[in-house]
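Here the structure comes first, spelled out in structure tokens, and everything after it is commentary.
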Amino acid sequence: HNGADAIYSIDNMTTILASMENSLLMVESTRNGWKIHERLKNCNQICIATDPQNTDRAYCGSFDAGLWKTDDGGQTWDKTALTISNANVTSVSVSPIEKGEGGFNRLFVGTEPSAIYASSDGGQTWNKVEGINKLNSSSTWSFPPRPWTNHVRWIEPDANKEEYIFVAIEAGALIK
């Protein structure tokens, strides 16, 4: 689940955000080499995404501590207003083309159990994306290590057509 996904380049300096098992690493290039900073310690980070409209904004989803955001390229992190009872964040993605409010692009979050939430204001308010759980195949979705559940593994907003997203459910479905 973990890996580097957010890379910034400002004034010829590069920042890489990498979600690890128990922390988020912020790796910064400097004139003297690289500096590594550990953030969000003891959270089970699953996913990370940047907002192409606002290069200092990134989101980090954790399995046990909700959705976090940064507005300073990873220096500091705050929890978002996303509260979902009995659900864990398993996927986060920002649309490259759908503009939202306040200088943010449309944000999507996937959870376990499988559900998708969207925000057009940088994570201040949320709407559940209806329909995925009404698919006939939804009763057969399961995640082998925990067969009683399933989760949204990946969300990919369409880069050419607004209001279209592709969703991978682990395990059992690829949804458009």
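For what it's worth, the numbering used here labels the leading residue of the sequence shown as -10, then goes sequentially. All residues carry an ideal CB built from backbone N, CA and C; glycine is no exception.
Next item on the list: Would you mind stating whether E10 and Q34 have Cβ atoms separated by less than 9 Å?
Entry: Their beta carbons are under 9 Å apart, which means E10 touches Q34 by this criterion.
Next item on the list: Check K123 in the structure and name its three-state DSSP category.
Entry: The DSSP-derived three-state label of K123 is helix.
Item checked: D60 beta carbon less than 9 Å from that of G91 -> No, they are not a contact pair.
Notebook entry, point to check: Across which residues does DSSP place R95 in a beta bridge pair?
Noted result: Partner(s): none; R95 has no beta bridge.
Next item on the list: Could I get the ranges of all uninterrupted alpha helix (DSSP H) runs contained in the segment 30 to 74, with 4 residues as the minimum, in chain order?
Entry: With a minimum length of 4 residues, no continuous alpha helix (DSSP H) run stays inside the segment 30 to 74.
Margin query: I believe L71 touches G120 by the beta-carbon criterion, under 8 Å. Please report the beta-carbon distance rounded to the nearest angstrom.
Written below: Not really, about 19 Å apart at Cβ, beyond 8 Å.
Item checked: Beta-bridge pairing of P146 - partner residues as DSSP gives them -> P146 has I154 as its beta-bridge partners, per DSSP.
Item checked: Buried versus exposed, by CB contacts within 10 Å (16 or more), A230 -> Residue numbering for the chain in the displayed model covers -10 to 165; residue 230 lies beyond these limits and cannot be assessed.
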